[in-house]
Amino acid sequence: MITARALPGLPEVRPSDDLAALLAQARGGRFAPGEVLVIAHKVVSKAEGRVVDLAGVQPSPRALELAAVLGKEDPRHVEVVLRETAEVVRAERGVLISRTRHGFVCANAGVDASNAAGAGELIMLPVDPDGSARALRAALAGHPAVVIADSFGRAWRHGQCDVAVGIAGLAPLEDWRGRADAHGRELHATWIAIADQAAAAADLARGGKDAGEPAVVLTGLERHVTEADGPGAAELVRGRDEDLFG
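Numbering-wise, the sequence shown is residues 1 to 246 according to our numbering.
What follows is the structure, given as structure tokens:
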């Protein structure tokens, strides 16, 4: 049985806060062996100081141009997105799709104002989400697997779904290719995104985006938890030669 339970009582996280200590306090002590801690990237980014105040941002000519094309009211927001962007993949219909330096293809390079503490603030993705996950795992008693999650759109479907952008101690994928299904047929394409599904399950356990519950503990995934930190979310990123959309 898989269970997902949001941790209560986590305060508003600010730059330089000891996030591991806050998570341990919310957990009430040690994590149990095999548990998976899923954390919304916003609190990780806040603790790491990945917050920008628009008051200090000067938009570049490219940001001004894109803001006009996209109908964006604030070109400073576009400027922050461009600073986090390795490549602009698409800019039309009011949507800016970027490839981040991590290799993620997503809207606005993961830059977002939701749940920012200040009215003029934007929150960016961690510089190294896998590194952030490993550091948190090492600092937490019991060393649970750690998944840092963010909400992404999907190329074939409406709506957003939480996915893993940083992972430590959880197998990102389970490869069933070459194995047999329940009827003995060989599987050729089944490659299960374990960490993304864990992130999505955790999101359902929160009271909502406005509930102030950024951390969720999952149990029942012990067979996917690893002693080593593992390859991280980088293993989930398609190479350019495989990407049909980005």
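Beta carbons are placed, not taken as given, at the ideal position from N, Cα and C, and that holds for glycine.
Less than 8 Å between the CB atoms is what I'm expecting for residue i and residue j, so what's the real figure, rounded?
{"i": "A149", "j": "D203", "result": "7 Å"}
{"i": "G71", "j": "G94", "result": "5 Å"}
{"i": "R76", "j": "L54", "result": "5 Å"}
{"i": "P8", "j": "A26", "result": "7 Å"}
{"i": "V69", "j": "A91", "result": "6 Å"}
Name the DSSP bridge partner or partners of residue i?
{"i": "G153", "result": "Q160"}
{"i": "D112", "result": "I123"}
{"i": "V88", "result": "S98"}
{"i": "T219", "result": "T3"}
{"i": "D53", "result": "E121"}
{"i": "V225", "result": "L170"}
{"i": "E186", "result": "A180"}
{"i": "A145", "result": "V36"}
{"i": "I192", "result": "E174"}
Start and end of the beta strand (DSSP E) containing residue i?
{"i": "E65", "result": "Looking at the DSSP string, E65 is not in any beta strand (DSSP E); the run it does join, the alpha helix (DSSP H), is 61–70."}
{"i": "D37", "result": "Inspection of the sequence shows that residue 37 is occupied by Leu rather than by Asp. First-last of the beta strand (DSSP E) with L37: 36–40."}
{"i": "A107", "result": "105–107"}
Considering Cα atoms alone, identify which of the options is closest to residue i.
{"i": "V13", "options": "A4, R5, L23", "result": "L23"}
{"i": "D196", "options": "G166, R223, V78, E35", "result": "G166"}
{"i": "K46", "options": "P75, L236, A234, P214", "result": "P214"}
{"i": "P126", "options": "H102, G142, V78", "result": "H102"}
{"i": "F31", "options": "I192, L218, G94, W156", "result": "L218"}
{"i": "A171", "options": "K42, A138, E235", "result": "E235"}
{"i": "A21", "options": "A141, E242, S132, D128", "result": "A141"}
{"i": "V57", "options": "V44, L66, E65, D74", "result": "D74"}
{"i": "A4", "options": "L221, L244, L64", "result": "L221"}
{"i": "P33", "options": "V146, D17, H183, R154", "result": "V146"}
{"i": "G212", "options": "M1, D18, H41, G28", "result": "H41"}
{"i": "D243", "options": "P231, V89, A182, P11", "result": "V89"}
Confirm, please, whether the CB-CB distance from residue j to residue i is below 8 Å.
{"i": "V52", "j": "E121", "result": "yes"}
{"i": "L82", "j": "S114", "result": "no"}
{"i": "I123", "j": "D112", "result": "yes"}
{"i": "A119", "j": "A164", "result": "no"}
{"i": "R206", "j": "A168", "result": "no"}
{"i": "H224", "j": "E174", "result": "yes"}
{"i": "W176", "j": "I194", "result": "no"}
{"i": "R99", "j": "E84", "result": "no"}
{"i": "A67", "j": "V78", "result": "yes"}
{"i": "P144", "j": "V43", "result": "no"}
{"i": "D229", "j": "A199", "result": "no"}
{"i": "G257", "j": "A107", "result": "For the chain, the structure presents residues 1 to 246; residue 257 sits outside this window and is missing."}
{"i": "A155", "j": "F245", "result": "yes"}
{"i": "I39", "j": "A201", "result": "no"}
In the DSSP assignment, find the alpha helix (DSSP H) that holds residue i and state where it starts and stops.
{"i": "V80", "result": "75–83"}
{"i": "A233", "result": "Where A233 is concerned, there is no enclosing alpha helix (DSSP H), given that its DSSP letter is neither H nor E."}
{"i": "P129", "result": "129–139"}
{"i": "L19", "result": "19–27"}
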